[in-house]
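**Student:** Using the UniProt record's numbering, the letters of the sequence shown correspond one by one to residues 1 to 403.
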Amino acid sequence: MNAPAAPTDVMPHVMPTYGRLPIALSHGQGAEVWDTTGRRYLDGLSGIAVNTLGHNHPKLVPALQEQVSQMIHCCNYYQVPLQEELAKMLVERSGLTNVFFCNSGLEANEAALKIARKFGHDKGIDRAEVVVYEKAFHGRSIATLSATGNPKVHAGFEPLVEGFVRVPLNDIAALEEVARTNPNVTAVFLEVIQGEGGVNPARSDYLQAVRALCDKQGWLLMLDEVQCGIGRTGKWFAHQWSGVLPDVMPLAKGLGSGVPIGAVVCGPKAAHVLKPGNHGTTFGGNPLAMRAGVETLKIMEADGLMANAAHVGEHLMAALRREFAGMPGVVEIRGQGLMIGIELDRPCGIILNRALDAGLLLSVTADKVVRLLPPLIFTTAQADELVGILAPIVRQFLSEPQA
Ligand SMILES: *Cc1c(COP(=O)(O)O)cnc(C)c1O
Numbered sequence: 001m002n003a004p005a006a007p008t009d010v011m012p013h014v015m016p017t018y019g020r021l022p023i024a025l026s027h028g029q030g031a032e033v034w035d036t037t038g039r040r041y042l043d044g045l046s047g048i049a050v051n052t053l054g055h056n057h058p059k060l061v062p063a064l065q066e067q068v069s070q071m072i073h074c075c076n077y078y079q080v081p082l083q084e085e086l087a088k089m090l091v092e093r094s095g096l097t098n099v100f101f102c103n104s105g106l107e108a109n110e111a112a113l114k115i116a117r118k119f120g121h122d123k124g125i126d127r128a129e130v131v132v133y134e135k136a137f138h139g140r141s142i143a144t145l146s147a148t149g150n151p152k153v154h155a156g157f158e159p160l161v162e163g164f165v166r167v168p169l170n171d172i173a174a175l176e177e178v179a180r181t182n183p184n185v186t187a188v189f190l191e192v193i194q195g196e197g198g199v200n201p202a203r204s205d206y207l208q209a210v211r212a213l214c215d216k217q218g219w220l221l222m223l224d225e226v227q228c229g230i231g232r233t234g235k236w237f238a239h240q241w242s243g244v245l246p247d248v249m250p251l252a253k254g255l256g257s258g259v260p261i262g263a264v265v266c267g268p269k270a271a272h273v274l275k276p277g278n279h280g281t282t283f284g285g286n287p288l289a290m291r292a293g294v295e296t297l298k299i300m301e302a303d304g305l306m307a308n309a310a311h312v313g314e315h316l317m318a319a320l321r322r323e324f325a326g327m328p329g330v331v332e333i334r335g336q337g338l339m340i341g342i343e344l345d346r347p348c349g350i351i352l353n354r355a356l357d358a359g360l361l362l363s364v365t366a367d368k369v370v371r372l373l374p375p376l377i378f379t380t381a382q383a384d385e386l387v388g389i390l391a392p393i394v395r396q397f398l399s400e401p402q403a
């Protein structure tokens with residue numbers, strides 16, 4: 001068993017905002033990575049749902065090398081044809097109509113929140129409010145941390161941004177109560193599967209009821225697919241399992257396979273709310289990020305990676321259930337495709353360290369949930385290897401007396 005904390009003096013000039021594990025990764029190939037001492041790890045995390053195509057993908061790398069040599073950045077004073085190319089691809093795959101590009105998840109969510117407020121102002125609601133959720137995670141800027149439903153993320157950064165109403169997930173009565181009592185609401189904002197909150201899926205019938213209520217009330221439905229989108233669940237976007245169409249869909253993480261990128265995809269009710277001068281970004285939509293997005297989507301399609309995510313995800317889920325079903329201490333195994341959470345009955349952060357020691361990268365979120373987010377190129381053999389490493393660690397952990 002290893003001590004959980006990295007030595008604190010190995011990166012003395014970097015602000016200490018993360019609890020880092022005691023290794024540095026140097027390179028990767030597919031779903032395997034190596035650290036600077038030459039040790040190999042199986043990648044069950046994808047840099048938090050970012051490395052969609054794994055590492056050193058044979059089609060992505062030459063495309064990005066070519067792009068770097070042509071143009072990395074030019075700014076939005078000019079037309080950027082690659083923006084139109086990626087926007088068209090996202091619009092065709094989502095059934096929505098227009099895209100704004102930025103650089104990260106929180107930026108995509110900031111843009112969504114600006115749209116929700118402007119949408120309200122345009123129809124005479126001066127103090128627009130947005131419905132957000134318990135256990136939600138939307139980012140670390142002042143507005144998106146205020147939308148986040150985690151007191152630890154809020155602590156020390158008050159005053160929070162106003163204009164949020166919070167409800168529990170999958171409880172339509174709570175949302176109907178907001179509709180009855182709050183005339184200032186302009187949008188409902190949620191993750192289709194909560195990621196940082198512990199891999200908590202919104203039920204399909206709930207999403208359908210929220211869509212119907214949004215239509216009745218004239219609210220925007222804004223679905224944060226920053227973590228669960230881009231093929232991870234086995235469809236382009238996680239909400240597509242429920243058949244609903246959002247009005248606003250922030251994307252980021254997996255869209256660029258590792259190149260920083262964010263996007264807000266909007267339908268007709270939201271696409272023309274922001275007018276020239278209302279919003280902008282220096283880096284957003286730069287040719288390198290756009291090329292990464294275009295190539296990611298093309299490769300996902302050509303290589304059948306959504307079908308792969310669904311298939312390998314089912315295989316992984318079945319293997320995990322075989323190992324853990326009925327085991328005392330395992331509360332629930334849930335998720336879809338290659339976004340899976342194993343909830344234990346006690347805080348289990350140490351599993352992160354033990355998995356690392358055993359050669360497996362994963363995450364523990366919401367204190368008690370082991371979270372798996374492997375790249376979409378994962379194979380069933382790699383899923384079996386993952387379970388082979390993880391199962392004895394969890395079994396051992398649960399057999400120890402609770403601290
Ligand atoms: C990671 C995440 C964000 C924040 O994205 P950043 O790129 O870290 O700003 C927002 N929403 C969800 C659902 C996320 O998982």
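The beta-carbon is built from N, C-alpha and C at its ideal position, and this holds for glycine as well. All values reported here derive from a predicted model rather than from experimental measurement.
1) What separation, rounded to the nearest whole angstrom, lies between the Cα atoms of Pro-81 and Lys-253?
2) Please return the same chain residues whose Cβ sits closer than 6 Å to the Cβ of Glu-85, not counting the five positions on each side in sequence.
3) Report the start-end ranges of each alpha helix (DSSP H) in the region 313-394 that is 4 residues or longer and not cut off at the edges.
4) Going by other Cβ atoms of all chains shown within 10 Å of its Cβ, with 16 needed for buried, is Gln-396 buried or exposed?
5) Between which two residues does the beta strand (DSSP E) containing Glu-301 stretch?
6) Tell me whether the beta-carbon of Phe-189 lies closer than 9 Å to the beta-carbon of His-239.
7) Buried or exposed for Gln-382, please, with buried defined as at least 16 other CB atoms from any protein chain shown within 10 angstroms of its CB.
8) Could you spell out the range, first to last residue, of the beta strand (DSSP E) harbouring Ala-187?
9) Decide if Tyr-111 is buried, meaning its Cβ has at least 16 other Cβ atoms within 10 Å, or exposed.
10) Grab the span of the beta strand (DSSP E) containing Ser-26 for me, first residue to last.
11) Beta strand (DSSP E) containing Pro-151: first to last residue?
12) Going along the chain, which unbroken runs of the alpha helix (DSSP H) with 4 or more residues stay wholly within the region 67-133?
13) Looking at ligand 1, does it come within less than 8 Å of Pro-22, judged from the CB to the closest heavy atom?
14) Quick check on DSSP: helix, strand or coil for Cys-266?
15) Do three or more CB pairs link the region 44-58 to the region 363-380 at distances below 8 Å?
16) Within a Cβ cutoff of 6 Å, which residues of the same chain sit near Met-300, ignoring the five residues on either side of it in sequence?
17) Does any heavy atom of ligand 1 sit closer than 8 Å to the C-beta of Asn-109?
18) Starting from the C-beta of Gly-258, find all residues in its chain whose C-beta is less than 6 Å away, skip the five residues before and the five after it, and write them out in chain order.
19) Measure the C-alpha to C-alpha separation of Ser-94 and Glu-225 and round it to an integer number of angstroms.
20) Among all the DSSP beta bridges, which residues are the ones paired with Asp-224?
21) Would you kindly work out how many angstroms separate the C-alpha atoms of Gly-195 and Gly-234, rounded to a whole number?
22) Under 6 Å Cβ to Cβ from Ser-363, same chain only, skipping five residues before and after it: list those, please.
23) If I measure Cβ to Cβ from Leu-398 and keep anything under 6 Å in the same chain, skipping five residues before and after, which residues do I get?
24) For Pro-4, is the classification buried or exposed, using 16 other Cβ atoms within 10 angstroms of its Cβ as the cut-off for buried?
25) Which residues mark the beginning and the end of the beta strand (DSSP E) in which Tyr-41 is found?
26) From Ile-389 to Cys-75, what distance separates their C-alpha atoms?
27) Is the region 206-216 touching the region 133-149, taking contact as three or more C-beta pairs under 8 Å?
28) Taking only three categories from DSSP, how would you classify Ala-6?
29) Which partner residues does His-55 have in the DSSP bridge list?
30) Compute the Euclidean distance between the alpha carbons of Leu-25 and Trp-219, then round it to the nearest angstrom.
31) State the Cα-Cα distance for the pair Gly-243 and Arg-39, rounded to the nearest angstrom.
32) Measuring from the CB of Phe-100, is there a heavy atom of ligand 1 at a distance below 8 Å?
33) Exposed or buried, which one is Phe-101 when buried takes at least 16 other CB atoms within 10 Å?
34) Should Met-1 be labelled buried (16 or more other beta-carbon atoms within 10 Å of its own) or exposed?
35) Indicate whether Leu-356 and Ile-72 have their beta-carbon atoms separated by less than 9 Å.
36) Can you tell me whether Gln-402 is buried or exposed? The criterion is at least 16 other CB atoms within 10 Å of its CB, across all chains shown.
**Tutor:** In short:
1) Whole-angstrom Cα-Cα distance: 22 Å.
2) If we look at Glu-85 and ignore the five residues flanking it on each side, its Cβ neighbours are Val-294.
3) Uninterrupted alpha helix (DSSP H) stretches at least 4 residues long and entirely within the region 313-394 occur at 350-357, given in chain order.
4) Exposed, by the Cβ-count rule.
5) Run containing Glu-301: none in the beta strand (DSSP E); it sits in the alpha helix (DSSP H), 287-302.
6) It is not a contact, given that the beta carbons lie outside the stated cut-off.
7) Gln-382 should be labelled buried.
8) Note, Ala-187: beta strand (DSSP E), 185-191.
9) Position check: residue 111 holds Ala in this sequence, whereas Tyr was assumed. Burial call: buried.
10) For Ser-26, the enclosing beta strand (DSSP E) stretches over residues 25-29.
11) Here Pro-151 belongs to no beta strand (DSSP E); instead the alpha helix (DSSP H) covers 151-154.
12) Qualifying alpha helix (DSSP H) stretches, in chain order: 81-94 and 105-122.
13) Not under cutoff, so the answer is no.
14) Cys-266: strand per DSSP, three-state reduction.
15) Yes, since at least three Cβ pairs between the region 44-58 and the region 363-380 fall closer than 8 Å, the two stretches touch.
16) Gly-231.
17) Yes, ligand 1 has a heavy atom inside 8 Å of this Cβ.
18) If we look at Gly-258 and ignore the five residues flanking it on each side, its Cβ neighbours are Val-50 and Asn-51.
19) Going by the C-alpha atoms only, they are around 12 Å apart.
20) Bridge partners of Asp-224: Glu-191.
21) Those two C-alpha atoms are separated by around 16 Å.
22) Cβ within range, chain order: Leu-45 and Arg-371.
23) Non-local C-beta neighbours of Leu-398 in its own chain, meaning closer than 6 Å and more than five positions away in sequence, comprise Gly-329, ordered along the chain.
24) Any reading at Pro-4 must be qualified, since the residue scores a pLDDT of 49, below 50, and its modelled position is unreliable; no value is offered.
25) For Tyr-41, the enclosing beta strand (DSSP E) begins and ends at 40-43.
26) C-alpha separation (whole angstroms): 46 Å.
27) Not touching, per the Cβ criterion.
28) Interpretation of Ala-6 is limited by its pLDDT of 47, a score under 50 that renders its predicted location unreliable; the figure taken from the coordinates is listed afterwards. Coil, per DSSP.
29) DSSP, once it has assigned bridges, lists Gly-30 as partnering His-55.
30) Straight-line Cα distance between these residues: approximately 45 Å.
31) So the two alpha carbons sit approximately 44 Å from each other.
32) Within the chosen limit of 8 Å, ligand 1 does not reach the beta carbon of Phe-100 with any heavy atom.
33) Buried is the call here.
34) Caution applies to Met-1, whose pLDDT of 37 falls short of 50 and renders its modelled position unreliable; the value that the coordinates give is listed next. Counting Cβ neighbours within 10 Å, Met-1 comes out exposed, since fewer than 16 surround it.
35) Going by beta carbons, Leu-356 and Ile-72 fall outside the 9 Å limit.
36) Taking all protein chains in view, the Cβ of Gln-402 is surrounded by fewer than 16 other Cβ atoms within 10 Å, so the residue is classified as exposed.
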